[in-house]
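Working notes for the structure below.
2 protein chains.
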Amino acid sequence: MARWEPNARERLVRAAIELFAEQGYEATTVNEIAERAGGLTKTTFFRHFTDKREVLFAGQEIHGRIAAEAIAGAPESATPLEMAGLALDGLASSFTKDRRDIGRRLRAVIANSAELQERSASKRAALSDAMAQALRTRGVSDLIADLAAELGARAFYGAFDRWTSSADPRTLVEYAREVFGELKTAVSALE
Amino acid sequence: MARWEPNARERLVRAAIELFAEQGYEATTVNEIAERAGGLTKTTFFRHFTDKREVLFAGQEIHGRIAAEAIAGAPESATPLEMAGLALDGLASSFTKDRRDIGRRLRAVIANSAELQERSASKRAALSDAMAQALRTRGVSDLIADLAAELGARAFYGAFDRWTSSADPRTLVEYAREVFGELKTAVSALE
DNA sequence: TACCGTGATGTTACCAAGTCACATCACTTT
DNA sequence: AAAGTGATGTGACTTGGTAACATCACGGTA
Chain A
780 MARWEPNARE
790 RLVRAAIELF
800 AEQGYEATTV
810 NEIAERAGGL
820 TKTTFFRHFT
830 DKREVLFAGQ
840 EIHGRIAAEA
850 IAGAPESATP
860 LEMAGLALDG
870 LASSFTKDRR
880 DIGRRLRAVI
890 ANSAELQERS
900 ASKRAALSDA
910 MAQALRTRGV
920 SDLIADLAAE
930 LGARAFYGAF
940 DRWTSSADPR
950 TLVEYAREVF
960 GELKTAVSAL
970 E
Chain B
780 MARWEPNARE
790 RLVRAAIELF
800 AEQGYEATTV
810 NEIAERAGGL
820 TKTTFFRHFT
830 DKREVLFAGQ
840 EIHGRIAAEA
850 IAGAPESATP
860 LEMAGLALDG
870 LASSFTKDRR
880 DIGRRLRAVI
890 ANSAELQERS
900 ASKRAALSDA
910 MAQALRTRGV
920 SDLIADLAAE
930 LGARAFYGAF
940 DRWTSSADPR
950 TLVEYAREVF
960 GELKTAVSAL
970 E
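In order, the protein sequence lines correspond to chains A and B. For the first sequence, this note's numbering gives the first residue as 780, with consecutive numbering after it. For the second sequence, this note's numbering gives the first residue as 780, with consecutive numbering after it.
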């Protein structure tokens with residue numbers, strides 16, 4: 780028999796989501812999380828996550844990487860907005876159906892904690908920055924890169940919101956394209 | 780002689796900025812700040828600020844209110860972008876010349892702390908939300924309100940950045956108009 | 001078989017953020 | 001003169017987060 784059950788990290792995330800949903804974020808202690816994750820301890824928790832908050836957001840750096848790769852691989856002829864659209868597609872298609880349920884629970888938990896909302900905003904900014912940086916690398920000017928990246932991030936989060944709010948079986952990519960389209964027409968209507 | 784020196788709050792802010800600049804944010808303890816602010820204590824600090832972070836951002840709710848009022852008072856005929864411009868003007872004109880120096884130091888301190896950047900992003904989001912809400916109250920549709928508010932907030936922070944980076948004596952309002960103009964042309968160039 | 005290094009964990013002790021209940025005391029009001 | 005108010009202090013507490021050191025199954029290697 781193995782000394783430790785495997786997948787401590789996963790177990791910690793699950794336990795955290797459960798406890799946060801049951802008691803709220805602030806009322807839950809890191810010790811509790813570790814304990815529920817199979818008799819682990821605080822120390823182990825902080826070996827896996829830098830923060831109590833981070834247990835809900837860990838691994839999101841990959842979103843920035845996925846988006847950036849999509850932009851780097853876009854055809855030469857693509858406009859900034861088209862590149863943002865490709866990033867959005869790549870990002871959205873990396874979310875399988877089964878992640879919708881987790882997303883739902885996550886959204887509910889975050890909605891009840893200012894601290895978590897702060898971290899969430901920070902992650903959103905990181906995604907946007909990654910996209911903007913990738914666009915600049917493709918020769919897009921600073922302002923345009925920032926704006927296109929902002930629209931991409933906005934579309935992603937908007938789509939994620941709809942995806943996790945509704946019950947219908949559409950895929951995240953479909954929502955993403957829908958929201959992105961709406962955003963583009965709204966931008967045109969701005970002037 | 781009064782029992783307490785007045786303006787404890789101000790003194791705490793000053794002390795915090797000084798210490799953060801000298802030692803960095805993380806290396807500075809709330810006790811130190813309170814002590815330097817004239818022999819105060821931790822408890823008093825937390826009576827004035829909910830957070831260690833908040834000492835650098837306290838009072839920014841007023842920005843949202845100023846922007847919202849400008850939007851509420853805009854002429855009937857104003858477009859969303861024009862309303863955002865008015866909010867930006869009102870906001871920028873509330874910053875007197877002498878606040879540029881403080882802004883400079885603040886920017887430097889924040890640039891060295893992830894925790895402070897997170898809080899800063901959160902405050903930015905709050906400003907944007909306040910503007911968007913005010914726009915919706917004026918009958919602007921959700922998407923358009925969000926986008927116009929985003930542009931307003933973006934212009935404000937961009938202008939603040941330039942204002943606190945450069946040495947030339949232009950006013951924040953001038954920078955704000957400049958950046959806002961650039962943003963609008965960049966938006967047109969997006970499509 | 002015996003030994004050794006490695007990796008994920010636990011233990012203990014510690015610091016600092018943040019909270020709370022209660023005390024103090026100058027100044028104001030009655 | 002007594003009572004009340006408001007900003008502060010005190011001391012004790014919980015919890016997030018860090019660091020040093022110990023443990024022990026496993027996988028090799030001699």
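Beta carbons: idealized from backbone N, C-alpha and C, even for Gly. What you are looking at is a predicted structure, and each value in this text was computed from that prediction instead of being measured.
- A distance below 7 Å between beta-carbons, with the five flanking residues on each side excluded, links residue 911 of chain B to the following residues of its chain, in chain order: 924, 925 and 928.
- Residue burial annotation: residue 898 of chain B is buried, with at least 16 other C-beta atoms found within 10 angstroms of its C-beta.
- Following the DSSP letters along the chain, one finds residue 859 of chain B inside the alpha helix (DSSP H) bounded by residues 859-872.
- Note that the C-beta distance between residue 873 of chain A and residue 841 of chain A is below 9 Å.
- For residue 942 of chain B, the uninterrupted alpha helix (DSSP H) run begins and ends at 921-944, by DSSP.
- With a threshold of 9 Å between beta carbons, residue 901 of chain B makes contact with chain A.
- In the DSSP assignment, residue 899 of chain A falls within the unbroken alpha helix (DSSP H) covering 893-916.
- Residue 854 of chain A sits exposed, since fewer than 16 C-beta atoms from the chains shown fall within 10 Å of its C-beta.
- In the three-state reduction of the DSSP assignment, residue 810 of chain B falls in the helix class, which pools H, G and I.
- Distance from the CA of residue 812 of chain B to the CA of residue 825 of chain B, rounded to the nearest whole angstrom, comes to 11 Å.
- If you check the CB distance, residue 946 of chain B and residue 887 of chain B do not come in under 9 Å.
- It is roughly 13 Å from the alpha-carbon of residue 965 of chain B to the alpha-carbon of residue 930 of chain A.
- Counting of Cβ neighbours within 10 angstroms places residue 785 of chain B among the exposed residues, the total staying below 16.
- Within a 10 Å sphere around the beta-carbon of residue 918 of chain A sit fewer than 16 other beta-carbons, which makes this residue exposed.
- Using a Cβ-Cβ cut-off of 9 Å, residue 856 of chain B does not count as an interface residue toward chain A, since no Cβ of chain A sits closer than that to its own.
- Around the beta carbon of residue 859 of chain B, 16 or more other beta carbons sit within 10 angstroms, so the residue counts as buried.
- For residue 892 of chain A, no CB of chain B lies under 9 Å from its own CB, so it is not counted at the interface with that chain.
- Separation of residue 833 of chain B and residue 906 of chain B (C-alpha to C-alpha, rounded to the nearest whole angstrom) is 16 Å.
- Boundaries of the alpha helix (DSSP H) around residue 791 of chain A: 787-802.
- In this structure, the straight-line span from the alpha carbon of residue 937 of chain B to that of residue 817 of chain A is close to 48 Å.
- By the rule that beta-carbons nearer than 9 Å mark a contact, residue 896 of chain A touches chain B.
- Identification of residues in the stretch 943-967 of chain B having a C-beta nearer than 8 Å to some C-beta of chain A yields 961, 962, 963, 965, 966 and 967, given in sequence order.
- In this structure, the CA atom of residue 892 of chain B is about 25 Å from the CA atom of residue 890 of chain A.
- Leaving aside the five residues that flank residue 870 of chain A on each side, the residues in its chain whose CB is nearer than 7 Å to its CB run, in chain order, 842, 845, 846 and 935.
- Between the alpha carbons of residue 968 of chain A and residue 884 of chain A lies a distance of about 35 Å.
- Interface residue (Cβ-Cβ distance to chain A less than 9 Å): residue 880 of chain B is not classified as such.
- For a cut-off of 8 Å, the C-beta gap from residue 864 of chain B to residue 959 of chain B is around 6 Å, short enough to register as a contact.
- Nearest to residue 954 of chain B by C-alpha distance, out of B:810, B:857, B:903 and B:879, is B:879.
- Taking a C-beta cut-off of 7 Å against chain B, the contacting residues of the stretch 925-937 of chain A are 926, 927 and 929, listed in chain order.
- Distance from the CA atom of residue 877 of chain A to the CA atom of residue 942 of chain B, rounded to whole angstroms, is 48 Å.
- When DSSP states are grouped into helix, strand and coil, residue 880 of chain A belongs to the helix group.
- For a Cβ distance threshold of 7 Å, nothing in chain A lies close to residue 889 of chain B: the least Cβ distance comes to about 13 Å.
- Between residue 862 of chain A and residue 914 of chain A, the gap from beta carbon to beta carbon is short of 9 Å.
- When only Cα atoms are considered, residue 808 of chain A and residue 791 of chain A end up about 12 Å apart.
- Neighbours of residue 859 of chain A in chain B, taken as residues whose beta carbon is under 8 Å from its own, are 969 in chain order.
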